[in-house]
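Take a look at the structure set out below.
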Amino acid sequence: MSASATSYSSSVAAAQPSRVTGPEKPVRRPRLKVLWMAQYPYPNAGMGHPAPWVAALAAGLRELPEIELTILDWHPGLNKPMDEFDKDGINFIYLRAPSFRQDLLTLYTQRVHSARKYLRRHHQAYDVLHLHGSEWQLPAVVPGLERPVVLSVQGVITEYLRYLPQTWSRLGISWKIGEFYERRYLPSVHEFICRTAWDKALMAKLSLGARIHHNWEMMRPEFYETAPAVDVRPQVLYTGGNQLMKGFQEVVAAYALIRQQSPLKLVMAGRVTLEEVNQEARKLGVAPFSADEVECVGFCNARQLADLMRQSFCLLHPSYIDNSPNTVCEAQLLGLPVVATNVGGVPDLIEPDTTGLLSDLAPRNLADQVLRLYHSPELAHTLRQESRQVATIRHDRETIVRRTIDIYHTIS
Numbered sequence: 012m013s014a015s016a017t018s019y020s021s022s023v024a025a026a027q028p029s030r031v032t033g034p035e036k037p038v039r040r041p042r043l044k045v046l047w048m049a050q051y052p053y054p055n056a057g058m059g060h061p062a063p064w065v066a067a068l069a070a071g072l073r074e075l076p077e078i079e080l081t082i083l084d085w086h087p088g089l090n091k092p093m094d095e096f097d098k099d100g101i102n103f104i105y106l107r108a109p110s111f112r113q114d115l116l117t118l119y120t121q122r123v124h125s126a127r128k129y130l131r132r133h134h135q136a137y138d139v140l141h142l143h144g145s146e147w148q149l150p151a152v153v154p155g156l157e158r159p160v161v162l163s164v165q166g167v168i169t170e171y172l173r174y175l176p177q178t179w180s181r182l183g184i185s186w187k188i189g190e191f192y193e194r195r196y197l198p199s200v201h202e203f204i205c206r207t208a209w210d211k212a213l214m215a216k217l218s219l220g221a222r223i224h225h226n227w228e229m230m231r232p233e234f235y236e237t238a239p240a241v242d243v244r245p246q247v248l249y250t251g252g253n254q255l256m257k258g259f260q261e262v263v264a265a266y267a268l269i270r271q272q273s274p275l276k277l278v279m280a281g282r283v284t285l286e287e288v289n290q291e292a293r294k295l296g297v298a299p300f301s302a303d304e305v306e307c308v309g310f311c312n313a314r315q316l317a318d319l320m321r322q323s324f325c326l327l328h329p330s331y332i333d334n335s336p337n338t339v340c341e342a343q344l345l346g347l348p349v350v351a352t353n354v355g356g357v358p359d360l361i362e363p364d365t366t367g368l369l370s371d372l373a374p375r376n377l378a379d380q381v382l383r384l385y386h387s388p389e390l391a392h393t394l395r396q397e398s399r400q401v402a403t404i405r406h407d408r409e410t411i412v413r414r415t416i417d418i419y420h421t422i423s
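In this note's numbering, the protein residues as written are 12 to 423.
Structure, rendered in structure tokens:
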């Protein structure tokens, strides 16, 4: 369009009398029927809990009249091919699955086939299919379906497998099979919900033409609560148990250095015993730890972990690989300073010296960062204030629910 034509159009528009239309009415969007495929343990079995971020988002969506939510999963204990029921405002569908051993021996084909068969018959009853993670062969069940599919990225087996120390363990074999499914079927998914630069880059690589939607995850309710101030104890909290990929060996080695220069105690949550810790200490050639130095508290529920975080001086999270570890996010919500490894998507959570401290996996460097924090109350205060403020915005529940619904409407 020429400049004169543009000018003419503008002047004509200006000459038109204005019409009083009153306040605009909000646009009412159609109600969406959404099917999730997610690891959501069978409620009637009374065992296990869904992933906290999945349960939290489900609780947020089920309150809204614009979403009708159905969750599809497998359960090996069913005595019939399928069980369907409503509970707490959500429709649940469980398909019978083989035992873990049979599932592994059949390379997951029976489980995948049962979900494919169900979805081919019923997928058109839904407006959107939402896969929670690529680790459980979920992308293998949706190719060829005539409905929009979006996948929320959790971990990425193709990448995580590179860091698994015991590649021929049962977990290693399971992950190798999972890697095959991920590489073969992830390219058939083109809509992804990502959180970090790391997972966005991986999805762009594994699925050509991928469209990325940004959204963070909701944390457990206990970590949003304000609580009376408690006296912070001189203790370092570690939550990875004896898992090698969570940095168990590095934590033991780092703490052996820390205790030489400070009175800090190490509190270890998860599956680990003091005997296992001292076995690792012997391998390192260091003196064993006493129960006063290292306390193993076992598995913690959300309330217990939140209380531990409020009592601790810092969280030590030296994982080999992570996307956006919830333990770090939950610690930041409570204002607990974090020392974490600079891997995967963790740098998107931590701005060094502002919302946390980063390190490599070297025990000496991990110890130095903890000691630096211990000897600098001003730095610890900054990390507490800034990390809480940033995490509160990042994990705002209402924002995450709204973004999820907006993504559903965008792709449907």
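Ideal placement from N, C-alpha and C gives every residue a C-beta, glycine not left out.
Small disclaimer: the values here were computed from a predicted structure and weren't measured.
In chain order, what residues of the same chain have a beta carbon less than 6 Å from the beta carbon of residue i, not counting five sequence neighbours either side?
| i | result |
| --- | --- |
| K44 | E79, Y137, D138 |
| Y266 | L277 |
| V65 | A49, H143 |
| M279 | Y249, C307 |
| Q165 | G144 |
By a C-beta neighbour count over all protein chains shown, 10 Å radius and 16 as the cutoff for buried, is residue i buried or exposed?
| i | result |
| --- | --- |
| I411 | buried |
| F310 | exposed |
| E202 | buried |
| Q113 | exposed |
| S387 | exposed |
| A56 | exposed |
| T338 | buried |
| R375 | exposed |
| F259 | buried |
| R405 | buried |
| G251 | buried |
| T421 | exposed |
| K91 | exposed |
| D99 | exposed |
| E498 | The chain is shown from 12 up to 423; residue 498 falls before or after that span and cannot be answered. |
Rounded to whole angstroms, what is the Cα-Cα separation between residue i and residue j?
| i | j | result |
| --- | --- | --- |
| S13 | P336 | Residue confidence for S13 is low, a pLDDT of 42 falling below 50, so the modelled location carries little weight and cannot support an answer. |
| Y249 | R40 | 45 Å |
| L175 | N253 | 14 Å |
| W179 | P61 | 28 Å |
| I416 | L319 | 34 Å |
| E233 | A67 | 11 Å |
| Y87 | G59 | Note on residue identity: the sequence assigns Pro, not Tyr, to residue 87. Going from the Cα of P87 to the Cα of G59 covers about 13 Å. |
| Q272 | L75 | 54 Å |
| R42 | S145 | 27 Å |
| W186 | T120 | 15 Å |
| I418 | D94 | 29 Å |
| R158 | S423 | 8 Å |
| R132 | G346 | 49 Å |
| I101 | E77 | 13 Å |
| L316 | L46 | 32 Å |
| I223 | A215 | 8 Å |
| L295 | E286 | 14 Å |
| L118 | R399 | 44 Å |
| R244 | Y171 | 34 Å |
| D379 | L268 | 9 Å |
| M229 | P363 | 23 Å |
| L72 | T81 | 11 Å |
What does a CB cutoff of less than 8 Å around residue i pick up in its chain, not counting 5 residues either side in sequence?
| i | result |
| --- | --- |
| V152 | M48, V123, A126, R127, L130 |
| W85 | Y105, L106, R107, A108, R122, S125, A126 |
| Q396 | G346 |
| L115 | R181, I184, S185, I188 |
| G220 | H201 |
Return the chain-ordered list of same chain residues with a C-beta closer than 7 Å to the C-beta of residue i, the five sequence neighbours on each side being excluded.
| i | result |
| --- | --- |
| T207 | N334, S335, G356, D359 |
| E304 | R270, K276, L277 |
| P52 | M58, G59, H60, P61 |
| K211 | C205, I223 |
| E261 | P329, L372, P374, L377 |
Is residue i near residue j, with beta carbons less than 9 Å apart?
| i | j | result |
| --- | --- | --- |
| W147 | G189 | yes |
| Q246 | F324 | yes |
| P54 | F111 | no |
| S199 | P239 | no |
| C366 | A402 | For clarity, residue 366 is Thr in the given sequence; the question names Cys instead. Yes, Cβ-Cβ distance for T366 and A402 is below 9 Å. |
| L327 | V288 | no |
| M256 | Y331 | yes |
| R231 | E341 | yes |
| V263 | A298 | no |
| S141 | V167 | In the sequence under discussion, the amino acid at residue 141 is His, which differs from the Ser named in the question. No, they are not a contact pair. |
| V241 | Q322 | yes |
| H143 | Q50 | yes |
| L384 | L377 | no |
| L213 | T284 | no |
| L156 | E193 | no |
| P63 | A313 | yes |
| H225 | R414 | yes |
Segment contact flag, the segment 343-354 with the segment 368-384, C-beta cutoff 8 Å, min 3 pairs: yes
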